[in-house]
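**Q**
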Amino acid sequence: MITDGSVRVGNRGVAYTEVGDPEGPLVLHNHGGPSSRIEAELFDVGATARGLRFVCPDRPGFGRSDPHPDRSFESWARDLVAIADSVGAQRFAVTGWSEGGPWALAAAAYVAPARLAHVASIGGAAYGAFGANWAAKHLSSADALGGRLALHFHPGFRLMYDVLGLTAKHFEASYATSIRKAVSDVDREVLADDAVMEPFLRASHECFRHGAGGLVLDATLLYQTWPFDLTQVTRPVHVWHGDADTLVPEVIGRTVAERTPGGVWHPVAGEGHFIAVSHCDEVLSLVAGDLATA
1 MITDGSVRVG
11 NRGVAYTEVG
21 DPEGPLVLHN
31 HGGPSSRIEA
41 ELFDVGATAR
51 GLRFVCPDRP
61 GFGRSDPHPD
71 RSFESWARDL
81 VAIADSVGAQ
91 RFAVTGWSEG
101 GPWALAAAAY
111 VAPARLAHVA
121 SIGGAAYGAF
131 GANWAAKHLS
141 SADALGGRLA
151 LHFHPGFRLM
161 YDVLGLTAKH
171 FEASYATSIR
181 KAVSDVDREV
191 LADDAVMEPF
201 LRASHECFRH
211 GAGGLVLDAT
221 LLYQTWPFDL
231 TQVTRPVHVW
241 HGDADTLVPE
251 VIGRTVAERT
261 PGGVWHPVAG
271 EGHFIAVSHC
281 DEVLSLVAGD
291 LATA
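Residue numbers for the sequence shown, in full-length UniProt numbering: 1 to 294.
1) With a CB to CB cut of under 7 Å and the five nearest residues on each side skipped, what residues in its chain are close to S285?
2) Is E198 buried or exposed, if buried means 16 or more other CB atoms sit within 10 Å of its CB?
3) Is G262 near the ligand ZN, judged by its Cβ being under 7 Å from some heavy atom?
4) What separation, rounded to the nearest whole angstrom, lies between the Cα atoms of F157 and T293?
5) Which word fits I179, buried or exposed, when buried means at least 16 other C-beta atoms lie within 10 angstroms of its C-beta?
6) For the 8 Å Cβ check, are there 3 or more pairs between the stretch 122–139 and the stretch 181–194?
7) Which one of G10, M1, S72 has the shortest CA to CA distance from A47?
8) Excluding the five sequence neighbours on either side, which residues of its own chain have a C-beta within less than 7 Å of the C-beta of V277, listed in chain order?
9) Write down the C-beta distance between G146 and S98 rounded to the nearest angstrom, noting that I regard them as a contact closer than 8 Å.
10) To which residues does DSSP link T17 through a beta bridge?
11) If we count the other Cβ atoms within 10 Å of its Cβ and call it buried at 16 or more, is P102 buried or exposed?
12) The beta strand (DSSP E) that contains V94, what's its start and end?
13) Give me whichever residues DSSP pairs with L28 in a beta bridge.
14) Helix, strand or coil: how does DSSP classify L222 here?
15) Just verifying my parser: in three-state terms, what is the DSSP assignment at L116?
16) Can you say whether D143 is buried or exposed, counting buried as having 16 or more other CB atoms within 10 angstroms of its CB?
17) By a C-beta neighbour count over all protein chains shown, 10 Å radius and 16 as the cutoff for buried, is D245 buried or exposed?
18) Under the three-state reduction of DSSP, which class applies to H205: helix, strand or coil?
19) Against chain D, does A84 count as a neighbour if the rule is that its beta carbon must be under 8 Å from one of theirs?
20) Assuming I38 and A203 make a contact with CB atoms under 8 Å, what is their CB distance in whole Å?
What follows is the structure, given as C-alpha cells:
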C-alpha cells in the first residue's frame, strides 16, 4: 500500500510517502540525494513482508516539503520526533540511505533512547563526521570537488546542483545513463529492473520541485564539520555498506562504525551502493526485530 500524507511542524508542512503495513510499528526513512519521499516505494515489498509502517518524509525544500533555511541536524531530528508524534508512535526506528545516512546518525545523537528503537545508516555519505570534508581523499574527483565548492565557493556548488536538477527533470534518459556509468556492475544489475529504476528516477525528479535549494543546503551540511560527535554515541547504530560501492566508498562507512562506540558494522561483500534495495530484507529484518522488543 502506497499513500501520501503531510504533517505540520511549526509553520512548515512536511510531506511524506508511506508504504508497508499502516498498522505496523513505525520506521522513518531518510531518503538520499538527489531523491525524495518517493524513494519509499523501493521498500514497499520489504516493509509489507515485515509488517512495518515505512514512512519517508521529504526533507525541507525537497519535493512537497516547505523550505527551512535555518534547519540543522538537530532540527531535523526534532522533525522526525514530531512526525512520529503525529502518527501516534511512541517508539520508532530510523533508517537512512546514501545522503540520508547522516540524518539517521543525527537521530542517534539527538533523539532520546526511550523513543528510538533502531538506527541504520546504509551506504551513508558521512563526509563531515570527523571534520570538514574529511573523506575527500576517498571520494571520486567529482564528489571531492563538490566538497571543496560547498566549503569554499558556494556559487559554484549551487551551479553544480542547478545543472543536476535540470538534467533530472528535463533529460531523464541522460540522467539515467549518467547514474548507470557512475555505479558498479552489480548496481547496474539492480537498476536494470524497471521496478527499481522507474521510482528511482521519479524520486530524483521530485527532489527538484522547489529547485536545487533544498539539496544544496542538505549537501552543504553534510560536508561541513558535523555539530554532533559520533565518538560519544554509545547506543547501537547499524552501519551497512557494500564493498563495491563506487559512489560512497566502503572505507567511509567502516570508519563510522569503528569510531562510533555503539557502531554495529554490516559489510556486504560484492555489493554496491544499492544495497538498500538488494539487501532490503536483511536490513528491515533487524529493524523489525528491534521494534518487536521495544
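All C-beta atoms in this analysis are idealised placements derived from N, C-alpha and C, irrespective of residue type, glycine included.
Fair warning: this is a prediction, and the values are worked out from it, not measured in the lab.
**A** Reading off the structure:
1) R50
2) exposed
3) Among the components of this structure there are no ligands whatsoever, and the ligand ZN is therefore not found.
4) 44 Å
5) buried
6) no
7) M1
8) L42, V190, V196
9) Contact doesn't hold; Cβ gap of about 14 Å is too wide.
10) D4, C56
11) buried
12) 92–97
13) V55, V94
14) helix
15) strand
16) buried
17) buried
18) helix
19) Absent from the structure: chain D. Only one protein chain is present.
20) 4 Å
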